[in-house]
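Structure record follows, encoded as structure tokens.
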Amino acid sequence: MDKDRIFGTAKEFAGKAEGAVGDMTDDKQTQASGRVREAAGAAQDLYGQAKDTVRDAADTAASYAKDAYEHRGETIRSGQKAMAQTVQDNPLGSLLIAGGIGFALALLMTRQPRRPPPSRWRYYG
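Next up, the structure:
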């Protein structure tokens, strides 16, 4: 748990208490100060929650990356087996997909460079 979450919750609680005291004494300034402190505490608590979430996501991503790196050979072999099985199950579809990818690459490699559009005004001077 992040310290911002702890301090934010404490500020929020103190703001609620200050607002309640302002309500009991009918003091508008104390009520407003309590609401401001409560809002600041809530914001600090949300900031702490966001930091915790980012930290957890980074730890999870690092864990996945480490696992993938450690088991990279198994991952590649399983991917190759899955690809071979897919080609065996549907050879015509695989051939069409490979041909489409080759056609798209050929179009990209042989594409003419773009020329600027002709200008509307010609200078005859």
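This note's numbering numbers the first residue of the sequence shown as 1 and each following residue consecutively. Don't be surprised by glycine CBs; every beta carbon is placed ideally from N, CA and C.
Q. Going along the chain, which residues of its own chain have a beta-carbon closer than 8 Å to the beta-carbon of Ala68, five neighbours each way excluded?
A. Start at 1 with the first residue of the sequence shown, and residue 68 comes out as number 68. Excluding sequence neighbours, Ala68 sits near Thr75.
Q. By Cβ distance below 7 Å, which residues in the same chain neighbour Met24 in space, the five residues on each side in sequence not counted?
A. Stepping through the sequence shown from its first residue, residue 24 is reached at position 24. So the list is empty, once near-sequence residues are dropped.
Q: Indicate the three-state DSSP secondary structure (helix, strand or coil) for Gln29 in the structure shown.
A: Looking up residue 29 in the sequence shown gives position 29. In the three-state reduction of the DSSP assignment, Gln29 falls in the helix class, which pools H, G and I.
Q: Please list, in chain order, all residues of the same chain as Leu96 whose beta carbon is under 7 Å from its beta carbon, the five residues on each side excluded.
A: Translated into the one-based positions of the sequence shown, residue 96 becomes position 96. Within the same chain, and ignoring the five residues on either side of Leu96 in sequence, no residue has its Cβ closer than 7 Å to its Cβ.
**Q.** Which listed residue (Pro113, Arg114, Asp4, Gly102) has its alpha carbon closest to that of Gln49
**A.** Counting from one through the sequence shown, the residue named residue 49 turns up at place 49. For Gln49, the closest C-alpha among the options Pro113, Arg114, Asp4, Gly102 is that of Asp4.
**Q.** Reduced DSSP category for Arg114 - H, G, I as helix; E, B as strand; rest coil
**A.** Residue numbering aside, residue 114 sits at position 114 when the sequence shown is read from its first letter. Coil.
Q. DSSP state of Arg120, grouped into three classes?
A. For the purposes of this step, residue 120 is identified with residue 120 of the sequence shown, where counting begins at 1. Shown here, Arg120 sits in coil according to DSSP, grouped into three states, outside any helix or strand.
Q.
Can you tell me whether Gly41 is buried or exposed? The criterion is at least 16 other CB atoms within 10 Å of its CB, across all chains shown.
A. For the purposes of this step, residue 41 is taken as residue 41 along the sequence shown, with counting starting at 1. Buried.
Q. Any chance the stretch 13–23 sits against the stretch 52–59, with 3 or more Cβ pairs inside 8 Å?
A. These segments do not touch.
Q: May I have the straight-line CA-CA distance separating Ala106 from Gly100, to the nearest angstrom?
A: Against the sequence shown, residue 106 aligns to sequence position 106. Against the sequence shown, residue 100 aligns to sequence position 100. About 10 Å.
Q.
Tell me the rounded alpha-carbon separation between Phe103 and Arg120.
A. The residue you call residue 103 lines up with position 103 of the sequence shown. The residue you call residue 120 lines up with position 120 of the sequence shown. The C-alpha of Arg120 is placed about 36 Å away from the C-alpha of Phe103.
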